[in-house]
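Protein chains: 2
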Amino acid sequence: MNDHPSKALASFAANLQFDSIPEPVLLRAADLFVDWFGSALAGKGARAVETIDWFAQQMGPATGTSEVLISRRQTSPLFAAMVNAASSHFAEQDDVHNGSVFHPATVVFPAVLAVAQSIGCSGRDILTAVVAGYEVGIRIGEFLGRSHYKVFHTTGTAGTVAAAAAVGRLLQLSPDQMLHAFGSAGTQAAGLWEFLRDAADSKQLHAAKAASDGLMAAYLAQQGFTGAQHILEGPQGMAAGMSSDADPDKLVDRLGERWTLAETSFKFHSSCRHTHPAADALLEVIKKHNLDPEEIARVTTYVHQGAIDVLGPVVNPQTVHQAKFSMGIVLGLIAQFRVAGLSEFEGYFNDSRVVAFSKKVQMVLDAEVDSAYPARWIGKVTVETTDGRLLSGRVDEPKGDPGNTLSRVELEQKALRLAAFSNAATPSEMQAIFEKIWHLAECNKIASFLAISSV
Amino acid sequence: MNDHPSKALASFAANLQFDSIPEPVLLRAADLFVDWFGSALAGKGARAVETIDWFAQQMGPATGTSEVLISRRQTSPLFAAMVNAASSHFAEQDDVHNGSVFHPATVVFPAVLAVAQSIGCSGRDILTAVVAGYEVGIRIGEFLGRSHYKVFHTTGTAGTVAAAAAVGRLLQLSPDQMLHAFGSAGTQAAGLWEFLRDAADSKQLHAAKAASDGLMAAYLAQQGFTGAQHILEGPQGMAAGMSSDADPDKLVDRLGERWTLAETSFKFHSSCRHTHPAADALLEVIKKHNLDPEEIARVTTYVHQGAIDVLGPVVNPQTVHQAKFSMGIVLGLIAQFRVAGLSEFEGYFNDSRVVAFSKKVQMVLDAEVDSAYPARWIGKVTVETTDGRLLSGRVDEPKGDPGNTLSRVELEQKALRLAAFSNAATPSEMQAIFEKIWHLAECNKIASFLAISSV
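In the order they appear, the protein sequences are chains B and H. 191 is the number that the UniProt record's numbering gives to position 191 of the first sequence; each next residue is one higher, with no gaps. 90 is the number that the UniProt record's numbering gives to position 90 of the second sequence; each next residue is one higher, with no gaps.
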């Protein structure tokens, strides 16, 4: 009896079969895996990520079955998931689902990879678990609504349950066990946006903890540990505590018919997703009129309230990470280089020309953009030129969205750039990884990608 | 500059010196340590606790410096803190601070003990860290207010920051590092009451995660990992997300003058603290009039709203743990045995006489009791006898509160009963533990209490 939303969603995740997942969804899952892999490698050398890896080394076993991608060592699944999750949420290049404002890859893939390597899963098991994690996490993000996202980092909160669902599917939990796993995951769900004002390191911590806490919830459930039955929609559950506009119907929206994984967007720019629609719209104007930055007197971006909530507090970014949440700096890089990638951020986020340009940018709440959000992320800008022209640009789907997606060649190029940026893997190693992932469904037992086995 | 509450509280914790703590507070800290030790041992054999220990064995190192009390093995501080915290929150006998409705011992002592054994601290270091943890956690619980406690388990939320403060003090964090530790702890803070309706295992999970997550936050801060500067009172911080009546003044209430640790209550009955005032008041009536349970026709307890919120949903308790949250069952045990200890719960929570008595009990919201709460937990009952008498009882401080506290002999007896209940330590082992703790301030380097060293 799937007589309430938490139970229906848990049963869906527990019962999901590889053969019932449409082929395009499976292909997209492999695309997302390749895209995630690049992000996971890009975090190598980043202080926040390396500090979490240091902690994992202090507290976790020195050997194990599951690989830490940035260091190529092996440890227990808990710590591999923790470090790989932190790492893949560093470069702000991991995927995002627009409607839920949730980054699924950075919590789902680390948990799945770590556990799959530990218990020896097939590629089909892995793809099934990944789809379960995405479908659960995205629906919970949509359910928790905009009020939740104003204060809570959905990737930390919904992400904990997503990781539990994915690991629970790998561990072949029964529907009842899966519901207990949801209960233990949801009651650990956390992550506050407060860190953003101080450019603090919490974003990586949120991903790390969502992946590892969700993993813990699933392992505990397998052993009979019980959790709340209505953790999502109950009167003292997640929504009761952390949302004022939750909609339980979203939890079970067309389960088995609508595949939210295929709605997920790849990130093209190296910045917070809230900046992408405006960046693409500005790029359109710049290219069409072949504008130099010096010709631009003012840029007005017409945005949704969520963009103002997240980006508004970032006024004088002092770090690369903070700059990725500055609409002004992002548009300054676009104006200067016509691209806002990792290298542009590292080299120029505090360049005087870019900073000067950032002062010309303002955000304005727009009724059309706001009402379309979060289902659609419309980009609208007006540009005033120094010679008095008023130019406007608009994109209805930013680059990387399902209707404007990246090809497998573009995904490989992006992953190669990310791996090269952090010096975490050679191009030939990356090619071997791509081959494995494109043929994942044929793999009988997943092995290490980069680690030299400690066994 | 302690220019905002999060910073002032973090600076207080970082700067706290043993010599500045009044002697009665230090003596009470040792009392609380002995009291905690009994609770930590009482969880041995409990399914939920043993399952968390199983997970710790799967994911953590098989050797280490820090002892798991219920199994006498050693592992890394993270997992020792996790298991000891789960264990000490099982029997519902650990201490509670009334004003904050927060159980400090179950999160502070496990984190402190695990880290102190790892880095080799003195007894004075330990006592100082414990006081730091209590003072921080209790003030955060008071700050988050009653609206928070309606949905969130304060021991899970405030407890995470309390553990970070205690471990941070042991690690000798600077005030700036301590503030970062608060940021990383607060953004992980979680724990929802939803599990209570289903008698699920989450209460032990909340304690386990608060202790281990707070520990992680402090270790990360020591290595330069940054956190939000205003995690407690900021516009996207803990109170913004999880409270509607937060009062920042509570965070810094008479720091260094008021010692909230000394306000903490010992639990005498083996049940949720919300049942204790009524249990003591009923016991007073029963003793005064020498009543048998059969002579009682009806009991009305006059309670605060928080008691109704937490106990109200528990209508037909199916497990010992759930019975500890049933006002009817608790009063039934009191009426039957004049005591509601672990043995009475284990043997009689579903005894037909006790269940029948529980149906005679009702809770009524009382204006006087509610307005005194949470500073004072007044117990008021009226008892209708079968022969038509209307008797009333009242206690202004339930047994175990600071004005009605337990002596060191009573504390030792309670700890001996708890250790004997779970068969976790012999009376002579317990006597040796008591000796060590009563002389803790003279100890130069803490060693294991029960573990056989794996080194």
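Where is the CB? At the ideal position from N, CA and C, for every residue including glycine.
- Distance from the Cα of Ala48 of chain H is smallest, within the candidate group H:Gly341, H:Ile437, H:Ala199, for H:Ala199.
- For the stretch 395-433 of chain B, the continuous alpha helix (DSSP H) assignments of 4+ residues that do not extend past its boundaries occur at 408-422, in sequence order.
- In the DSSP assignment, the residues bridged to Gln74 of chain B are B:Glu67.
- In this structure the stretch 237-253 of chain H touches the stretch 145-152 of chain H; the number of beta carbon pairs closer than 8 angstroms is three or more.
- The beta-carbon of Lys209 of chain B is placed less than 7 angstroms from the nearest beta-carbon of chain H.
- In the three-state reduction of the DSSP assignment, Leu365 of chain H falls in the strand class.
- Counting every other CB atom within 10 Å of its CB across the protein chains shown gives Glu23 of chain H a total below 16, marking it as exposed.
- In its chain, beyond the 5 residues on either side, Val68, Ile70, Ser71, Val83 have a beta carbon closer than 7 angstroms to the beta carbon of Asp53 of chain B.
- Here the stretch 106-119 of chain H makes no contact with the stretch 427-444 of chain B; the two share fewer than three CB pairs at distances below 8 angstroms.
- Looking at the DSSP output, Lys380 of chain H shares a beta bridge with H:Tyr302, H:Arg394.
- Ala163 of chain B has its alpha-carbon roughly 21 angstroms from the corresponding atom of Ser20 of chain B.
- Taking all protein chains in view, the Cβ of Ile126 of chain B is crowded by 16 or more other Cβ atoms within 10 Å, so the residue is classified as buried.
- Secondary structure within the stretch 166-216 of chain B: the alpha helix (DSSP H) runs of 4 or more consecutive residues, fully enclosed, are 175-186 (chain order).
- Per DSSP, the continuous alpha helix (DSSP H) segment holding Asn15 of chain B begins and ends at 5-15.
- At a cut-off of 7 angstroms between beta carbons, Ala162 of chain B makes no contact with chain H.
- Cβ contact annotation for Leu16 of chain H (same chain, cutoff 7 angstroms, sequence separation greater than five): Thr128, Val131, Ala132, Arg169, in chain order.
- With contacts defined by Cβ atoms closer than 7 angstroms, Thr155 of chain B and Phe102 of chain B form a contacting pair.
- Taken through DSSP and simplified to helix, strand or coil, Ala30 of chain B comes out as helix.
- Cβ neighbours of Leu179 of chain B within its own chain (closer than 7 angstroms, five residues either side excluded): Ser6, Lys7, Ala10, Gln229.
- Against chain B, the CB of Thr264 of chain H has no partner CB under 7 angstroms away; the residue lies outside that interface.
- A Cβ-Cβ separation of about 6 angstroms places Ala340 of chain B in contact with Ala279 of chain B under the 8 angstroms criterion.
- Using beta-carbon distances, Gln188 of chain B counts as an interface residue toward chain H, with a partner under 7 angstroms.
- Taken in chain order, the complete alpha helix (DSSP H) segments of 4 residues or longer contained in the stretch 274-340 of chain B are 276-289, 305-311, 320-323, 327-337.
- Closer than 7 angstroms at the C-beta level to chain B, one finds these residues of the stretch 212-241 of chain H: Met216, Tyr219, Leu220, Gln223, Gly224, Phe225, Thr226, Gly227, Ala228, Gln229, His230, Ile231, Gly234, Gln236, Gly237, Met238, Ala240, Gly241.
- Boundaries of the alpha helix (DSSP H) around Lys150 of chain B: 123-151.
- Looking only at H:Val252, H:Phe90, H:Ser392, the smallest Cα-Cα distance to Lys287 of chain H is reached by H:Ser392.
- Taking a beta-carbon distance threshold of 7 angstroms, Trp36 of chain H does not count as an interface residue toward chain B.
- Listed in chain order, the non-local C-beta contacts of Lys324 of chain H below 6 angstroms within the same chain comprise Glu92, Ser271, Cys272, local neighbours out to five positions each way being set aside.
- When only Cα atoms are considered, His289 of chain B and Leu283 of chain B end up about 10 angstroms apart.
- Residue-level contact check: Leu261 of chain B does not touch chain H, since none of the beta carbons of chain H fall below 7 angstroms from its beta carbon.
- The C-beta separation of Pro313 of chain H from Gly379 of chain H comes to about 21 angstroms, leaving the pair out of contact by the 8 angstroms criterion.
- For the pair Phe152 of chain B and Gly241 of chain H, the CB atoms are nearer than the 7 angstroms cut-off.
- Gly141 of chain B and Ala80 of chain B have their C-alpha atoms roughly 25 angstroms apart.
- In the DSSP assignment, His97 of chain B forms a beta bridge with B:Phe102.
- Shown here, Ser243 of chain H sits in coil according to DSSP, grouped into three states, outside any helix or strand.
- Boundaries for Arg254 of chain H: no alpha helix (DSSP H) harbours it, and the DSSP string shows neither H nor E there.
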